[in-house]
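Asker: When we follow my numbering, the leftmost residue of the sequence shown carries the number 228, and every step to the right adds one.
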Amino acid sequence: MISPISSMNHWWWQFLENHVYRIPPPPKRTRTKPMQVLCVGPPRSATESLQQALLALGYDHTYHGWDIVYDDPPIPATGWVRLARKKWYGSGRGSKKEENSGDCSISAEEFDELLGHCVAVTDAAASCFAAEMIRAYPEAKVVLNVRRDLDSWHKSAVKTLVHVNESWSFWIASLLDREAFWAWHVYERFLWALFFRAPDGDMARAIKRNGKWIYREHCDMIRGMVPPDRLLEWSVDEGWEPLCKFLGKEVPDVPFPHANAIGPGGGWKAREEMATKRWVEGALTNLILMGFVFVGGCAVWMRWGR
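(1) At the level of alpha carbons, what is the spacing between methionine 262 and tryptophan 461?
(2) At the level of alpha carbons, what is the spacing between valine 296 and glutamate 406?
(3) Could you tell me if serine 272 is buried or exposed, where buried requires 16 or more neighbouring beta carbons within 10 angstroms of its beta carbon?
(4) On the three-state DSSP scale, how would you describe cysteine 446?
(5) Could you tell me which of Pro300, Ala363, Ala384 and Arg457 sits nearest to glycine 343, measuring between CA atoms?
(6) Taking Cβ to Cβ, would you say isoleucine 441 is nearer than 8 angstroms to phenylalanine 423?
(7) Skipping 5 residues on each side, what residues in its chain have a beta carbon closer than 6 angstroms to that of proline 252?
(8) Which runs of the beta strand (DSSP E), 3 residues or longer, sit entirely within the region 343-394?
(9) So, for leucine 265: in the same chain, excluding its five sequence neighbours on each side, which residues have a beta-carbon less than 6 angstroms away from its beta-carbon?
(10) Which residue from Trp238, Lys260 and Ala431 puts its Cα closest to that of alanine 335?
(11) CA-CA distance, asparagine 236 and phenylalanine 242?
(12) Among residues of its own chain, excluding the 5 on either side of arginine 432, which ones have a beta-carbon nearer than 8 angstroms to its beta-carbon?
(13) Output needed for proline 301: all residues of its chain with C-beta closer than 6 angstroms, excluding positions within five of it in sequence on either side, in chain order.
(14) Which residues bound the beta strand (DSSP E) around valine 264?
(15) Using a C-beta cutoff of 8 angstroms, does isoleucine 295 count as contacting chain D?
(16) Taking all protein chains shown into account, do 16 or more other C-beta atoms lie within 10 angstroms of the C-beta of glycine 490, making it buried, or fewer, making it exposed?
(17) Leaving out five residues on either side along the sequence, give the residues of the same chain with a beta carbon under 7 angstroms from the beta carbon of arginine 256.
(18) Is proline 484 closer than 8 angstroms to alanine 280 when the C-beta atoms are compared?
(19) What does the alpha-carbon distance come out to for the pair valine 267 and valine 478?
(20) Can you tell me where the beta strand (DSSP E) with tryptophan 461 in it begins and where it stops?
(21) Just mark arginine 374 as buried or exposed, buried being the case when its beta carbon has 16 or more other beta carbons within 10 Å.
(22) Who pairs with threonine 289 in a beta bridge, going by DSSP?
(23) Between the Cα of methionine 448 and those of Cys471, Asn487 and Pro269, spot the shortest distance and give me the residue it belongs to.
(24) Rounded to the nearest angstrom, what separates tryptophan 240 and isoleucine 434 at their Cα positions?
(25) Over what stretch of residues does the alpha helix (DSSP H) that includes glutamate 406 continue unbroken?
(26) Let me check understanding here. Comparing Cα to Cα, which of Leu282, Ala384 and Asn245 lies closest to cysteine 168?
(27) Between the Cα of glycine 428 and the Cα atoms of Asn437, Leu403, Arg436 and Glu415, which residue gives the shortest distance?
(28) Would valine 413 and valine 308 be called neighbours here (beta carbons separated by less than 8 angstroms)?
(29) Quick check on the burial criterion: 16 or more other C-beta atoms within 10 angstroms. Buried or exposed for histidine 246?
(30) Buried or exposed: glutamate 275, going by 16 or more other Cβ atoms within 10 Å of its Cβ?
(31) Between the beta-carbon of tryptophan 411 and the beta-carbon of tryptophan 398, is there less than 8 angstroms?
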């Protein structure tokens with residue numbers, strides 16, 4: 228689905244964000260423990276399994292992309308849109324000279340407003356802001372979670388990320404419900420659309436067209452940025468041993484988690500269905516309320532306006 232206005236820095240989108248679909252900003256977090264682990268692999272690279280593993284190793288809380296839309300209201304999607312706009316469009320809080328400097332930096336303090344309660348990050352936030360987080364948290368260890376079979380990764384991305392982007396029920400819900408708007412906005416128009424280089428706003432086509440080379444380019448960037456002693460390149464098939472050795476943790480006496488095999492509430496499909504159900508229900512509720520208002524307005528007009 229192509230956005231009608233391709234530039235997400237257009238005043239129209241900011242008007243929708245600040246007025247039509249405005250939600251309260253999330254409470255600003257305060258860092259109480261240092262950031263310890265950044266898992267910066269692309270989406271569909273065992274990000275949720277890795278989150279479950281890090282939680283089991285005591286890294287509480289480990290932030291995942293689902294937190295962006297599942298966190299307690301008000302959801303933090305507005306904060307991630309602000310940082311994405313700053314990174315890709317230069318529309319931060321600085322002066323015009325700073326915005327035209329040809330560079331962008333996001334400080335640890337800015338990330339901490341959203342991640343201050345976390346000691347590890349994986350999935351969307353970590354992959355989309357990988358370079359900025361690596362610089363912001365120089366003491367954190369970096370895990371480059373990958374899938375060795377690039378063709379399998381691409382099929383998975385098309386099956387999941389593209390499937391959501393082509394969901395008419397989700398898109399229509401985003402027009403009628405504020406929370407659904409922000410969930411669609413932060414991912415389909417900002418994080419994944421910009422990560423996969425969709426200048427025309429067509430995120431689905433960008434993943435199909437650009438996915439593999441962006442995957443390779445992203446991984447090469449991480450390898451070039453991070454010293455070998457601070458970096459682990461890891462696949463979910465390798466399980467606990469290399470991950471625990473890298474983090475200095477004992478290997479748990481339980482199987483390594485595989486999120487897509489977890490019961491109700493876990494894995495991509497279950498979470499997608501839960502989220503879509505919630506947003507569609509919210510949209511239907513709003514539609515019914517609008518219907519009552521319309522009928523009531525018509526009744527008043529027929530009684531007094533003629």
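Where is the CB? At the ideal position from N, CA and C, for every residue including glycine.
Answerer: Reading off the structure:
(1) 20 angstroms
(2) 8 angstroms
(3) buried
(4) helix
(5) Ala363
(6) yes
(7) Thr305
(8) 368-372
(9) Val348, Ala353, Met360, Ala367 and Val369
(10) Lys260
(11) 11 angstroms
(12) Ala425
(13) Ile250, Pro251 and Pro253
(14) 264-266
(15) Chain labels in this structure do not include chain D; a single protein chain is all it has.
(16) Any answer about glycine 490 is weak, because its pLDDT of 48 lies below 50 and its placement is not dependable; what the coordinates show is given next. Result: exposed.
(17) Asp339, Glu340, Leu341, Leu342, Gly343 and His344
(18) yes
(19) 22 angstroms
(20) 458-461
(21) buried
(22) Ala347
(23) Pro269
(24) 23 angstroms
(25) 405-411
(26) What the structure shows of the chain is the stretch from 228 to 533, and residue 168 is not part of that stretch, so it cannot be assessed.
(27) Glu415
(28) yes
(29) exposed
(30) buried
(31) yes
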